[in-house]
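Participant: Mind having a look at this structure? Questions to follow.
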Amino acid sequence: MGHNHPKDHQKIAYKLPLIGVAFLFVIIVGFVTTKEPEHKYALSVADMHKAVINHKETLTPEEAVKIMYSNNPAYRFVDLRNPQDFINGHIDGAVNIPLQNILSEEYQSLWEDTAITNILYANSHDKACGPWMLMKQLGHNNNRILLGGYNFFKNNVMDNFTLRSNNYQDEVAKYDYAKIVQETSGGQNVSSQATSKKAPPVARKKKKGAAQGGCS
Amino acid sequence: MNKKYLFLSGLLIVLGIIMAFLPAKKYGVQISPENLLLELTDDTRFVSTDEVALYLIEADPQVQLIDVRTPEEFELFSLPGAVNVPMDSLLNPNFEPYVDQVGMKTVLYSNGSVYASQAWMLYRRKAYSNIYIMKGGLNEWVETILKPIAPAATSPKEAFDLYDTRVAASQFFGGGSVVVAPNSSSGSKPAVQRKKKKAAKGGC
């Protein structure tokens, strides 16, 4: 054993440069063949955050109506819902790009075409937010979000235009939360609750009065 | 023999130097756009107001609610145990530890769903895990939990079960309506009846 040891050692030492070169080769091959990712973020998280706070890249339903009826060639409606929903009804002139396909090569030219502004819409405002942010972060700046989303646009703008047609802002607090909690809370102060609960019937009586008046 | 060892170590040092000058990744750990889109296409990022109510009633220690509205709105009303991280300080290093807690389920909410969705997008790109959105926000919270609407008489049993749960939850969050419940219901019923009678009169 003691005699063989130096010989083995020498054998290994003889092969070392070979191993070293093979090692280097593998690493170089690795670097050369690494694929560049197809989609790369062009915006940092902090920059995206700034863009989000600005709330600028949106489009109100009023503006959308004007664009829809004037067939303004500078805009293009992009429907992000699935094909079934699209077939069932969509804004005139819209292009259907189902959400899961927005990164596919098929539509790259559409996103890169800076001459036309895309108006993104889904069923609701918030569902178009994610896709818009994704495209923005990939460097596509010519997109706007339709405020209120398709459901709002369909019900309150396309079908019948009413006073409610201005309530497209999703983030407006519809209720005075603190007041409602106060109303429904505090079993101890029953009296205050009783007064607050008596209020709605008064309003109802008024309505009844109006109905009676109409009759006579 | 020594030379061969020298050659090898020299090689490794050269490789190390090359590595040191390679361009660093630009933005740290991130989720790729493709994966982010994949998460956008399903609705697993949403939790319903009923689920949030359940977390709060059970005082689930593994749930952290994050309120992304303004401090003024937060001051007026917020869900129990929520932490206020306003939209303009989402990436503030003082607040981020609340959002990125290992083993905690983070639920973002705002008045609607838009701000929470935007915050979700930012945090998910930074690969924070277990981030959820309360679907419909506080507006939905009022409509389903604080002031649940009774289902139509023809609704399936599940709808009534859900309604009962919501009424119980509203008693929990509203507090005292537990005690007043019979009063309030008996108080409101006559009002409805009266309305019907008068409507009939109006019709002549």
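Each protein sequence line maps, in turn, to chains B and P.
Under this note's numbering, the first sequence is numbered contiguously, ending at residue 416.
Under this note's numbering, the second sequence is numbered contiguously, ending at residue 242.
Here a beta-carbon is modelled for each residue, glycine too, at the ideal position from N, C-alpha and C.
What are the boundary residues of the beta strand (DSSP E) that Val140/P is part of?
Facilitator: Here Val140/P belongs to no beta strand (DSSP E), and DSSP marks it neither H nor E.
Participant: Judging by CA-CA distance, which residue of Asn360/B, Ala242/B, Thr260/B and Ile253/B is the nearest neighbour of Tyr368/B?
Facilitator: The shortest Cα separation from Tyr368/B among Asn360/B, Ala242/B, Thr260/B and Ile253/B belongs to Thr260/B.
Participant: Name the chain P residues that come within less than 9 Å of Pro331/B, Cβ to Cβ?
Facilitator: Within chain P, the residues near Pro331/B are Leu75 and Leu78.
Participant: Check each candidate in Glu312/B, Ser304/B, His325/B and Trp311/B and name the one with the smallest Cα separation from Val152/P.
Facilitator: Answer by Cα proximity: His325/B.
Participant: Step through the CB atoms of chain C and report whether any lies within less than 9 Å of the CB of Glu306/B.
Facilitator: The displayed structure is made up of protein chains B and P, and chain C is not among them.
Participant: Of all Cβ atoms in chain B, is any one closer than 9 Å to the Cβ of Leu94/P?
Facilitator: For Leu94/P, the answer is no, since every Cβ of chain B falls outside 9 Å of its Cβ.
Participant: Does the region 241-252 of chain B come close enough to the region 336-343 of chain B to have 3 or more Cβ pairs within less than 8 Å?
Facilitator: Segments in contact, yes.
Participant: Between the C-alpha atoms of Gly220/B and Val229/B, what's the straight-line distance to the nearest angstrom?
Facilitator: Spanning the two alpha carbons is a distance of roughly 14 Å.
Participant: Classify Gln52/P: buried if its beta carbon has 16 or more other beta carbons within 10 angstroms, exposed otherwise.
Facilitator: This sequence places Val at residue 52/P; Gln is not what is there. The residue in question, Val52/P, is exposed, as its Cβ has fewer than 16 Cβ neighbours within 10 Å.
Participant: Return the chain-ordered ranges of every alpha helix (DSSP H) run that is complete within the region 258-317 of chain B and spans a minimum of 4 residues.
Facilitator: 261-270, 283-288 and 308-312, all fully within the region 258-317 of chain B.
Participant: Would a check of beta-carbon distances place Ala264/B closer than 9 Å to chain P?
Facilitator: No, its Cβ sits nowhere closer than 9 Å to a Cβ of chain P.
Participant: Taking only beta-carbon atoms, is Asn122/P less than 9 Å away from chain B?
Facilitator: Taking Cβ atoms only, chain B never reaches closer than 9 Å to Asn122/P, which makes this a no.
Participant: For the beta strand (DSSP E) holding Arg183/B, just list the boundary residues, first then last.
Facilitator: Only positions 201 to 416 of chain B appear in this structure, which leaves residue 183/B out of reach.
Participant: Taking the Cβ atom as the reference point for each residue, do Leu310/B and Asn282/B lie within a distance shorter than 9 Å?
Facilitator: No, these two residues do not count as a Cβ contact at 9 Å.
Participant: Quick check on Tyr136/P - is its C-beta less than 9 Å from some C-beta in chain B?
Facilitator: Answer no: the Cβ-Cβ gap between Tyr136/P and chain B never drops below 9 Å.
Participant: What is the rounded straight-line gap between the Cα of Thr234/B and the Cα of Val226/B?
Facilitator: About 12 Å.
Participant: Going by C-alpha to C-alpha distance, which of Glu113/P, Ser208/P and Val137/P sits closest to Val101/P?
Facilitator: The candidate whose alpha carbon is nearest that of Val101/P is Val137/P.
Participant: Report the three-state DSSP secondary structure of Phe353/B (helix, strand or coil).
Facilitator: Phe353/B: helix per DSSP, three-state reduction.
Participant: Would you please verify whether the beta carbon of Tyr214/B is less than 9 Å from any beta carbon of chain P?
Facilitator: Interface residue, yes.
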